[in-house]
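So the sequences go chain by chain: U and Y. Letter by letter, the first sequence follows residues 1120 to 1312 in my numbering. Letter by letter, the second sequence follows residues 1120 to 1312 in my numbering. Each residue gets a CB set at the ideal place from its N, CA and C atoms; glycine is no exception. Remember, predicted model here, so these are calculated numbers, not experimental data.
Number of protein chains: 2
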Amino acid sequence: MNRIVTISREFGSGGRTIGKHLAEKLGIPCYDSELLDKIEEKSGLAKEYIAERGEYTPKGGWLATAFADRSLNGLSVQDYLWTVQRKLIIELAEESSCVIVGRCADYILQDQQDLLKVFIHADMPSRAKRIVELYGERDETPEKRLRDKDRRRSAYYHFYTDMEWGRTQNYHIALDSGVLGIDRCVDIIASLY
Amino acid sequence: MNRIVTISREFGSGGRTIGKHLAEKLGIPCYDSELLDKIEEKSGLAKEYIAERGEYTPKGGWLATAFADRSLNGLSVQDYLWTVQRKLIIELAEESSCVIVGRCADYILQDQQDLLKVFIHADMPSRAKRIVELYGERDETPEKRLRDKDRRRSAYYHFYTDMEWGRTQNYHIALDSGVLGIDRCVDIIASLY
């Protein structure tokens, strides 16, 4: 049976980097941006839309877009994206052992026998420093950007899974990458695999 | 500077056992039941009261006991116990490196430089099995006992710390002892020390 590691992470916590390094160390694929390409291919939706709306609630909240969201065979575009994403994640997990970053994979694959569910978080200052290094300055403060991303990611997770995002009990291991550091997080997760 | 490991845990998750084994492995003291003895000595309160009321809200809720709770120099007995407990935990942390289980030590020592904050949890079935082995059967089902303990421990924590008990972001590492097993949890925490 395939062994899957799902990595849920706070924006700016380095969860994506941890996923990449972990996958290299274990010699298995890591699906993150690769997932975007595959979803784009399957769904026919623009990658920007997928990146933004495949993990976050719309900026104005659901209601603001409920009507704007054009309907495809009875589904809103958002729901259509969810179903494509969900199906693809299940296929990838059946294909081979792998690391999957974000996109509610922990929930989607929870009936998978051999699943290691990881959550990565970090203190505000470390995350602020990180996103400015990675994505540069914006008009909004990094803290404001982080709070907004967290709020929308958490709302998205709750909407589709009816579970609380970042709740200790939903993960086998949760790590503070700000204090422990990226490499140590990778080593610990690898030792559990 | 002393290095302190605080272990917060769900009832029946084996957090106490993990603390004991970890302390042995690191060759430092573990304060758990030892803490009860010291608090009894300092406070003059009965150990049963300390065990029950030093970590849990009263069964009937705060209000039920607010008036019954006799007042000592302006403090309720509950608050008096909190101040004694708090002072003792700070003294022990200044004395030597150690492992402290429960009693909001993570919050009380949060300004300590070298603090490793751990949370241990487990799925309901593992915890139910564990408490029946450790404490035997009761009239109430193990699940009912666990839900009650969790609720009252969480309420106590929130009352005195104004923080959310078991929230991922409050700990450096959170582990599912039901899936990972006691020994593996000990090894991981020791490797971080």
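Measuring only the C-alpha atoms, how far is residue 1271(U) from residue 1252(U)?
Taking the straight line from one Cα to the other gives about 22 Å.
As an exercise, report each continuous alpha helix (DSSP H) stretch of at least 4 residues that is fully enclosed by the region 1218–1281 of chain U, in chain order.
As for any alpha helix (DSSP H) of minimum length 4 sitting wholly inside the region 1218–1281 of chain U, the runs are 1224–1227, 1243–1254, 1261–1280, ordered along the chain.
Where residue 1285(U) meets chain Y, residues with beta-carbon distance less than 8 Å
Those within 8 Å of residue 1285(U) in chain Y are 1286, 1287, 1288.
Could you check what DSSP says for residue 1175(Y) in three-state terms: helix, strand or coil?
In the three-state scheme derived from DSSP, where H, G and I count as helix and E and B as strand, residue 1175(Y) is classed as coil.
CB contact check: residue 1294(Y) to chain U, cutoff 9 Å
For residue 1294(Y), the answer is yes, since a Cβ of chain U falls inside 9 Å of its Cβ.
Who are the Cβ neighbours of residue 1295(U) in its own chain at under 7 Å, not counting the five residues just before and after it?
Once the five neighbours on either side are set aside, the close Cβ partners of residue 1295(U) are 1240, 1241.
Would you mind giving the Cβ-Cβ distance between residue 1264(Y) and residue 1257(Y), rounded to the nearest angstrom? I have them listed as a contact below 8 Å.
Indeed they touch by this definition, with Cβ atoms about 6 Å apart.
Residue nearest to residue 1125(Y) in terms of C-alpha spacing, selected from 1218(Y), 1147(Y), 1174(Y)
Nearest to residue 1125(Y) by C-alpha distance, out of 1218(Y), 1147(Y), 1174(Y), is 1218(Y).
Report the three-state DSSP secondary structure of residue 1156(Y) (helix, strand or coil).
Residue state, collapsed to three classes: helix.
Beta-carbon separation (whole angstroms), residue 1276(U) vs residue 1211(U), contact threshold 8 Å:
Not quite, the Cβ-Cβ distance comes to about 19 Å (not below 8 Å), so this is no contact.
Could you pull the start and end residues of the beta strand (DSSP E) that residue 1128(U) belongs to?
Element bounds for residue 1128(U): 1123–1128.
Counting along the chain, where does the alpha helix (DSSP H) carrying residue 1212(Y) start and finish?
That run of the alpha helix (DSSP H) goes 1196–1214.
Which word fits residue 1278(U), buried or exposed, when buried means at least 16 other C-beta atoms lie within 10 angstroms of its C-beta?
Around the beta carbon of residue 1278(U), fewer than 16 other beta carbons sit within 10 angstroms, so the residue counts as exposed.
Beta carbon of residue 1216(U), beta carbon of residue 1308(U): below 9 Å?
In this structure, residue 1308(U) does not lie closer than 9 Å to residue 1216(U) by Cβ.
Residue 1305(Y) versus chain U: which residues are under 7 Å apart at the beta carbon?
Here the premise fails: no neighbours, minimum Cβ distance about 13 Å.
Per-residue burial, residue 1255(Y) [other beta carbons within 10 Å of its own, 16 or more giving buried]:
Answer is exposed; the Cβ neighbour count stays below 16.
Listed in chain order, which residues of the region 1232–1245 of chain U have Cβ atoms closer than 7 Å to some Cβ of chain Y?
From the region 1232–1245 of chain U, only 1238, 1240 have a Cβ closer than 7 Å to chain Y.
According to DSSP, is residue 1292(U) helix, strand or coil?
Three-state result, residue 1292(U): strand.
State the Cα-Cα distance for the pair residue 1145(U) and residue 1178(Y), rounded to the nearest angstrom.
One C-alpha to the other measures close to 49 Å.
Residue range of the alpha helix (DSSP H) that residue 1141(Y) falls in?
If you look at residue 1141(Y), you'll find it in the alpha helix (DSSP H) that goes 1134–1145.
For residue 1244(Y) versus residue 1297(Y), is the C-beta spacing smaller than 9 Å?
With contacts defined as CB atoms closer than 9 Å, residue 1244(Y) and residue 1297(Y) qualify as a contacting pair.
Kindly say whether residue 1228(Y), judged by its beta-carbon, lies nearer than 9 Å to any beta-carbon of chain U.
No, its Cβ sits nowhere closer than 9 Å to a Cβ of chain U.
With DSSP collapsed to three states, give me the class of residue 1168(U).
For residue 1168(U), the secondary structure class from DSSP, reduced to helix, strand or coil, is helix.
Give the straight-line distance between the Cα atoms of residue 1262(U) and residue 1246(U), rounded to the nearest whole angstrom.
Rounded to the nearest whole angstrom, the C-alpha separation of residue 1262(U) and residue 1246(U) is 8 Å.
Is residue 1207(Y) closer than 9 Å to residue 1157(Y) when the C-beta atoms are compared?
Residue 1157(Y) places its beta carbon less than 9 Å from that of residue 1207(Y).
Below 7 Å on C-beta distance, what does residue 1140(U) contact in chain Y?
Those within 7 Å of residue 1140(U) in chain Y number zero; the least Cβ separation is about 17 Å.
Alpha carbon to alpha carbon, what distance is there between residue 1229(Y) and residue 1199(Y)?
Cα-Cα distance, rounded: 21 Å.
For a contact defined as C-beta to C-beta under 9 Å, what are the partners of residue 1277(U) on chain Y?
Within chain Y, no residue comes near residue 1277(U); the closest Cβ sits about 15 Å away, beyond 9 Å.
List the DSSP bridge partners of residue 1149(Y).
Residue 1149(Y) pairs with 1218(Y).
List the residues of chain U whose Cβ lies closer than 9 Å to the Cβ of residue 1311(Y), in chain order.
Within chain U, the residues near residue 1311(Y) are 1299, 1303, 1307.
Nonlocal neighbours in the same chain, by C-beta distance under 8 Å from residue 1282(U), ignoring five residues either side
Apart from the 5 residues on each side of it in sequence, residue 1282(U) sits with its Cβ closer than 8 Å to the Cβ of 1226, 1276, 1289 in its chain, given in chain order.
Going by other Cβ atoms of all chains shown within 10 Å of its Cβ, with 16 needed for buried, is residue 1224(U) buried or exposed?
Residue burial annotation: residue 1224(U) is buried, with at least 16 other C-beta atoms found within 10 angstroms of its C-beta.
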